[in-house]
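Sequential numbering from 1315 applies to the sequence shown in our numbering.
Quick notes on the structure that follows.
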Amino acid sequence: MEEEKKPPSAHDESRLFYDSMQDVSPLQSVNQVVHDTPKPKAIPTKTLEDEQQVLEDMFSDEYDPVDIQPGDVLSYKRDGIQYRVFNKLRRGEYRIAAELDLHGLNAKQARTYLAEFLVTVYPFQGECVRIIHGKGNRSDYRGPVLKIKVNHWLRQHDRVQAFHSARPVDGGTGAVYVLLRR
1315 MEEEKKPPSA HDESRLFYDS MQDVSPLQSV NQVVHDTPKP KAIPTKTLED EQQVLEDMFS
1375 DEYDPVDIQP GDVLSYKRDG IQYRVFNKLR RGEYRIAAEL DLHGLNAKQA RTYLAEFLVT
1435 VYPFQGECVR IIHGKGNRSD YRGPVLKIKV NHWLRQHDRV QAFHSARPVD GGTGAVYVLL
1495 RR
């Protein structure tokens, strides 16, 4: 009987190829185009949209409006804030670390600016910020819109420990001193 010849295996072919290429040196590349274009940075658009939505949702407009007049004093303190600390804030004795002026903004813009401001400002312990909301003297029958909303929004924010209307020299009832948690 005649023995059948087996076809060469892939291993044998690879070995044969490498053995035959042993003395070959690679060619130098000439006129080769190299693409050094960096990939554009990934922009997490959905994450940015989500963060913006959180800032907007942080303040709810679902509230029973309190009858606040343009000349009324705003005042609030969380439980645990010492009376001495609150009095110092009320008298305007803390250094103003930053200021936000909301004049001329509509309620939606004011809410966005206020939310971003409260998240990004980093005063040292014991310092405060001033938020100018205006007195609402030119408001219609609804009263001072921004003043009412700022009063409500600040009460909802976790970083706000206390706030009180400013001294006349700092804006009076058109502004508030806000004591922030670090």
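Ideal Cβ placement from N, Cα and C applies to all residues, glycine included.
Rounded separation between residue i and residue j - CA only
{"i": "G1488", "j": "R1495", "result": "23 Å"}
{"i": "T1361", "j": "H1417", "result": "30 Å"}
{"i": "K1355", "j": "S1479", "result": "45 Å"}
{"i": "L1403", "j": "P1358", "result": "40 Å"}
{"i": "Q1366", "j": "R1473", "result": "18 Å"}
{"i": "N1401", "j": "V1492", "result": "13 Å"}
{"i": "M1335", "j": "R1329", "result": "10 Å"}
{"i": "I1446", "j": "R1425", "result": "13 Å"}
{"i": "S1339", "j": "T1351", "result": "30 Å"}
{"i": "D1364", "j": "K1463", "result": "23 Å"}
{"i": "Q1423", "j": "K1353", "result": "35 Å"}
{"i": "S1323", "j": "N1345", "result": "39 Å"}
{"i": "S1343", "j": "H1325", "result": "30 Å"}
{"i": "Y1535", "j": "G1486", "result": "Any property of residue 1535 remains undetermined from this structure, which presents the chain solely from 1315 to 1496."}
Bridge partners - residue i, DSSP secondary structure assignment
{"i": "D1415", "result": "I1446"}
{"i": "L1267", "result": "In the structure displayed, the chain extends from 1315 to 1496; residue 1267 sits before or after that span and is not available."}
{"i": "I1410", "result": "C1442"}
Residue from the options whose Cα sits closest to the Cα of residue i
{"i": "W1467", "options": "E1441, D1333 and S1389", "result": "S1389"}
{"i": "K1461", "options": "L1419, I1357, T1434 and V1435", "result": "L1419"}
{"i": "E1430", "options": "L1414, E1441 and L1341", "result": "L1414"}
{"i": "D1484", "options": "K1463, G1448, L1330 and L1432", "result": "G1448"}
{"i": "P1458", "options": "V1387, S1323 and Q1336", "result": "V1387"}
{"i": "R1444", "options": "Q1470, A1421, G1450 and A1476", "result": "A1476"}
{"i": "R1392", "options": "H1471, E1441, H1325 and V1490", "result": "H1471"}
{"i": "N1465", "options": "V1490, D1333, R1405 and D1337", "result": "V1490"}
{"i": "R1469", "options": "R1481, Y1436 and L1428", "result": "L1428"}
Reduced DSSP category for residue i - H, G, I as helix; E, B as strand; rest coil
{"i": "L1479", "result": "The amino acid occupying residue 1479 in the given sequence is Ser; Leu does not appear at that position. Here S1479 sits in strand by DSSP."}
{"i": "I1499", "result": "Lying outside 1315 to 1496, the shown extent of the chain, residue 1499 is not represented and no answer is given."}
{"i": "S1389", "result": "strand"}
{"i": "L1341", "result": "coil"}
{"i": "A1424", "result": "helix"}
{"i": "K1402", "result": "helix"}
{"i": "K1355", "result": "coil"}
{"i": "Q1291", "result": "Shown here, the chain extends from 1315 to 1496; a query on residue 1291 therefore has no answer."}
{"i": "S1323", "result": "coil"}
{"i": "V1433", "result": "helix"}
Three or more C-beta pairs below 8 Å linking the region 1394 to 1401 and the region 1409 to 1429: Touching, no, given that fewer than three Cβ pairs across the two stretches are closer than 8 Å.
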